[in-house]
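Engineer:
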Amino acid sequence: MASGKIDNPSGSDRLPRVLFKEEAQAPVTGPAKVPPGPAILFGSPRLPTPKGDRPRVLASGEVRRRIPCSAADLQAIDPAATASVVARALRIVDGINLDDHQFDDVVRFGASLQREHGRLAEVELALVEDEALQNAKRTGAELLQQLEELDPEAVFSVRGGMLKALKALAAAQDPAERFSRLYPRVQTLAKELEALAPAIAVVTERLRGIGSRYAALERNLAAHVLAGRFLVQHVGTLQLPDRERQAHFASQAEAIETRVASLMATEATIEVGRRTLEAVARNVEALAWSGEGLLREELPAWHSAYSAALMAARSSNDGTDTASSLRDIHARILGKLRSKG
497 MASGKIDNPS
507 GSDRLPRVLF
517 KEEAQAPVTG
527 PAKVPPGPAI
537 LFGSPRLPTP
547 KGDRPRVLAS
557 GEVRRRIPCS
567 AADLQAIDPA
577 ATASVVARAL
587 RIVDGINLDD
597 HQFDDVVRFG
607 ASLQREHGRL
617 AEVELALVED
627 EALQNAKRTG
637 AELLQQLEEL
647 DPEAVFSVRG
657 GMLKALKALA
667 AAQDPAERFS
677 RLYPRVQTLA
687 KELEALAPAI
697 AVVTERLRGI
707 GSRYAALERN
717 LAAHVLAGRF
727 LVQHVGTLQL
737 PDRERQAHFA
747 SQAEAIETRV
757 ASLMATEATI
767 EVGRRTLEAV
777 ARNVEALAWS
787 GEGLLREELP
797 AWHSAYSAAL
807 MAARSSNDGT
817 DTASSLRDIH
827 ARILGKLRSK
837 G
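497 is the number of the first residue of the sequence shown in the numbering used here; add one for each residue after it.
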């Protein structure tokens with residue numbers, strides 16, 4: 497009786513059955529071939545046109561020819577111009593479109609720099625009127641006044657002429673009593689000046705930032721003035737067959753000349769403003785320096801020297817060395833406070 501199984505002469509039940517000889521060996525395929533390049537459906541392949549190193553400028557839908565200008569041309573106009581100013585001026589000339597019937601480039605020539613100058617002037621004025629800075633100035637001035645009233649020459653002697661003698665008689669106050677009355681206020685003012693030091697430092701840093709912006713603005717103005725002078729000179733040498741275009745260029749040259757005069761006036765104003773800013777910055781730095789170390793170093797030394805001088809005056813001892821030390825410390829403190837203005 498048959499068992500219902502297909503005989504396997506090899507004795508293995510795990511091999512698959514092969515029904516057709518053609519399927520016994522699958523065709524071996526190699527790696528896919530990569531085409532050498534993109535398929536060109538029409539025409540022949542061509543290399544792309546290389547881009548120029550300068551942007552293309554269009555006027556009325558046509559490529560506009562740039563105004564011929566070189567660094568040597570600009571140096572001939574202003575031999576003192578720096579390399580950075582000449583490079584900026586070259587870019588400005590490249591960007592000017594004299595074919596524009598609206599005179600847009602000419603009307604706005606350097607106008608943004610004048611607006612920037614106005615903004616800087618406003619920021620500078622706001623810093624000069626800063627509340628912390630004004631408080632520091634008032635505090636320093638009052639502190640100086642208090643210390644001048646405690647001048648050792650006026651308190652401990654009447655030498656130096658009739659004027660000092662009259663002042664001493666008019667005061668009619670004991671040196672020790674005067675010192676005990678004025679010193680607490682001196683100490684309070686020194687604390688207030690020290691507390692204002694961080695705010696003064698912020699003002700000083702911002703003033704320095706304005707100085708850097710002024711320097712950059714001056715370079716940009718110099719470049720625009722140089723570029724404008726070149727454009728006026730260039731238009732003056734043109735001889736165009738188209739009389740209308742010649743007149744169009746000439747009118748723009750006149751407008752640029754007017755703008756250059758305006759920019760040169762702004763340059764002069766900035767020069768004055770920059771010097772004023774430097775003076776203000778020096779005064780603010782001196783104000784900050786006047787309070788540095790005053791409360792914790794110089795005032796304690798001054799207090800000790802003053803106390804020693806008072807003791808010498810009460811005991812009628814020879815306090816020459818003590819008085820000399822007090823005068824030196826006093827003069828040093830007054831010098832710091834006076835340097836701020």
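Heads up, the beta-carbon is just placed ideally off N, CA and C, and yes, glycines get one too.
Quick check on the DSSP output: the alpha helix (DSSP H) that includes Gln729 runs from which residue to which?
Structural biologist: If you number the sequence shown from 1, residue 729 lands on position 233. Segment 693-732, the alpha helix (DSSP H) holding Gln729.
Engineer: Do you know offhand how far Arg704's Cα is from Gln742's?
Structural biologist: Here residue 704 refers to the residue found at position 208 of the sequence shown. Here residue 742 refers to the residue found at position 246 of the sequence shown. For Arg704 and Gln742, the distance between alpha carbons rounds to 48 Å.
Engineer: Classify Asn631 as helix, strand or coil using the three-state DSSP reduction.
Structural biologist: For the purposes of this step, residue 631 is identified with residue 135 of the sequence shown, where counting begins at 1. In this structure, Asn631 counts as helix in the three-state DSSP scheme.
Engineer: In whole angstroms, give me the CA-to-CA distance for Leu570 and Glu620.
Structural biologist: Taking the first residue of the sequence shown as position 1, residue 570 is located at position 74. Taking the first residue of the sequence shown as position 1, residue 620 is located at position 124. Cα-Cα distance, rounded: 34 Å.
Engineer: Which value, in whole angstroms, describes the spacing of the CA atoms of Ala827 and Leu833?
Structural biologist: Against the sequence shown, residue 827 aligns to sequence position 331. Against the sequence shown, residue 833 aligns to sequence position 337. Cα to Cα, Ala827 sits roughly 10 Å from Leu833.
Engineer: Just curious, the alpha helix (DSSP H) that Asp464 is in, first and last residue?
Structural biologist: Outside the shown range of the chain, which is 497 to 837, sits residue 464, and nothing can be said about it.
Engineer: Which residue comes first and which comes last in the alpha helix (DSSP H) that contains Phe652?
Structural biologist: Taking the sequence shown and counting its residues from 1, one reaches residue 652 at position 156. 648-652 is the extent of the alpha helix (DSSP H) around Phe652.
Engineer: What is the DSSP secondary structure of Phe599, reduced to helix, strand or coil?
Structural biologist: Position 103 of the sequence shown, counted from the first residue, corresponds to residue 599. Note: Phe599 maps to coil in three-state DSSP.
Engineer: Please go through the same chain and pick out, in chain order, the residues whose beta-carbon is closer than 7 Å to the beta-carbon of Ser556, but skip the five residues on each side of it.
Structural biologist: By one-based count along the sequence shown, residue 556 stands at place 60. Because Ser556 carries a pLDDT of 49, less than 50, the predicted location of this residue cannot be relied on, and the following value inherits that uncertainty. Nothing meets the Cβ criterion.
Engineer: Only counting the same chain, and skipping five residues up and downstream in sequence, which positions put a Cβ closer than 8 Å to that of Ala617?
Structural biologist: Position 121 of the sequence shown, counted from the first residue, corresponds to residue 617. Cβ within range, chain order: Gly769.
Engineer: If you draw a straight line from the alpha carbon of Asp670 to that of Met807, how long is it in whole angstroms?
Structural biologist: Position 174 of the sequence shown, counted from the first residue, corresponds to residue 670. Position 311 of the sequence shown, counted from the first residue, corresponds to residue 807. C-alpha separation (whole angstroms): 13 Å.
Engineer: Quick one: is Pro648 buried, meaning 16 or more other Cβ sit within 10 Å of its Cβ, or exposed?
Structural biologist: Position 152 of the sequence shown, counting from 1, holds the residue named residue 648. Classification for Pro648: buried.
Engineer: In the DSSP assignment, find the alpha helix (DSSP H) that holds Leu609 and state where it starts and stops.
Structural biologist: Within the sequence shown, numbered from 1, the residue matching residue 609 stands at position 113. Looking at the DSSP string, the run of the alpha helix (DSSP H) that includes Leu609 is 607-624.
Engineer: Quick one: give me the first and last residue of the alpha helix (DSSP H) that Ile752 is part of.
Structural biologist: For this step, residue 752 is matched to residue 256 along the sequence shown. Run containing Ile752: 739-787, per the alpha helix (DSSP H) assignment.
Engineer: Kindly confirm or deny that the stretch 621-631 and the stretch 673-680 touch, where touching means at least three C-beta pairs closer than 8 Å.
Structural biologist: No, the stretch 621-631 does not touch the stretch 673-680.
Engineer: If we ignore side chains and look at the alpha-carbon of each, how far apart do Glu644 and Leu609 end up?
Structural biologist: Residue mapping note: residue 644 aligns to position 148 of the sequence shown, counting from 1. Residue mapping note: residue 609 aligns to position 113 of the sequence shown, counting from 1. Going from the Cα of Glu644 to the Cα of Leu609 covers about 48 Å.
Engineer: State yes or no: is the C-beta of Ile696 within less than 8 Å of the C-beta of Val776?
Structural biologist: For the purposes of this step, residue 696 is identified with residue 200 of the sequence shown, where counting begins at 1. For the purposes of this step, residue 776 is identified with residue 280 of the sequence shown, where counting begins at 1. Contact flag unset, no.
Engineer: How would you label Thr762, buried or exposed, when you count the other beta carbons within 10 angstroms and need 16 or more for buried?
Structural biologist: The residue you call residue 762 lines up with position 266 of the sequence shown. The residue in question, Thr762, is buried, as its Cβ has 16 or more Cβ neighbours within 10 Å.
Engineer: Out of Leu822, Arg562, Glu701, which has the shortest C-alpha to C-alpha gap to Leu795?
Structural biologist: Taking the first residue of the sequence shown as position 1, residue 795 is located at position 299. Checking every option, the nearest Cα to that of Leu795 belongs to Leu822.
Engineer: Here's a check: name, in chain order, each residue in its chain whose Cβ is nearer than 8 Å to the Cβ of Thr700, leaving out the five neighbours to either side.
Structural biologist: In the sequence shown, counting from the first residue as 1, residue 700 sits at position 204. Closer than 8 Å at Cβ, skipping near neighbours: Ala777, Val780, Glu781, Ala784.
Engineer: Under three-state DSSP, which class holds Ile563?
Structural biologist: The residue labelled residue 563 in the question sits at position 67 within the sequence shown. Three-state result, Ile563: coil.
Engineer: From Ala567, Ser708, Arg709, Lys687, pick the residue whose C-alpha is nearest to that of Ser786; which is it?
Structural biologist: As a working note, residue 786 is residue 290 in the sequence shown. Out of Ala567, Ser708, Arg709, Lys687, Lys687 has the C-alpha closest to the C-alpha of Ser786.
Engineer: Quick check: Leu773 and Gly707, are their CB atoms within less than 8 Å of each other?
Structural biologist: Residue mapping note: residue 773 aligns to position 277 of the sequence shown, counting from 1. Residue mapping note: residue 707 aligns to position 211 of the sequence shown, counting from 1. The answer is yes: Cβ separation under 8 Å.
Engineer: What residues in its chain sit with their C-beta under 6 Å from that of Gly591, if we drop five residues either side in the sequence?
Structural biologist: In the sequence shown, the residue the question calls residue 591 occupies position 95. Correct list: empty, nothing qualifies.
Engineer: Quick check: the Cα distance between Asn593 and Gly614, rounded to an integer number of angstroms?
Structural biologist: Sequence index remark: in the sequence shown, residue 593 carries index 97 (1-based). Sequence index remark: in the sequence shown, residue 614 carries index 118 (1-based). One C-alpha to the other measures close to 27 Å.
Engineer: Nearest to Ala568 by alpha carbon, out of Phe726, Glu638, Leu791?
Structural biologist: Taking the first residue of the sequence shown as position 1, residue 568 is located at position 72. Comparing Cα-Cα distances from Ala568 to each of Phe726, Glu638, Leu791, the minimum goes to Phe726.
Engineer: What did DSSP end up calling Leu659 once you bin it into helix, strand or coil?
Structural biologist: Numbered from its first residue, the sequence shown carries residue 659 at position 163. Low per-residue confidence applies at Leu659: pLDDT is 46, beneath 50, and the placement is therefore not dependable, though the value from the model is reported in the following sentence. Three-state result, Leu659: helix.
Engineer: Does DSSP put Ala668 in a helix, a strand or coil?
Structural biologist: Counting from 1 along the sequence shown, the entry for residue 668 is found at position 172. Legend: pLDDT at Ala668 = 49, less than 50; position of this residue unreliable, value from coordinates given subsequently. Correct three-state label for Ala668: coil.
Engineer: Could you please give the first and the last residue of the uninterrupted alpha helix (DSSP H) stretch that includes Pro796?
Structural biologist: To locate residue 796, count along the sequence shown from 1; it is residue 300. 795-811 is the span of the alpha helix (DSSP H), which, as asked, contains Pro796.
Engineer: So, under 8 Å CB-CB, Leu713 and Glu612 are touching, yes? Tell me the CB distance rounded to an integer number of Å.
Structural biologist: As a working mapping, residue 713 is identified with position 217 in the sequence shown. As a working mapping, residue 612 is identified with position 116 in the sequence shown. Yes, Leu713 and Glu612 are in contact; Cβ-Cβ is about 6 Å, under 8 Å.
Engineer: Going by the beta-carbon positions, is the gap between Leu692 and Thr635 smaller than 8 Å?
Structural biologist: Taking the first residue of the sequence shown as position 1, residue 692 is located at position 196. Taking the first residue of the sequence shown as position 1, residue 635 is located at position 139. Yes. Within cutoff.
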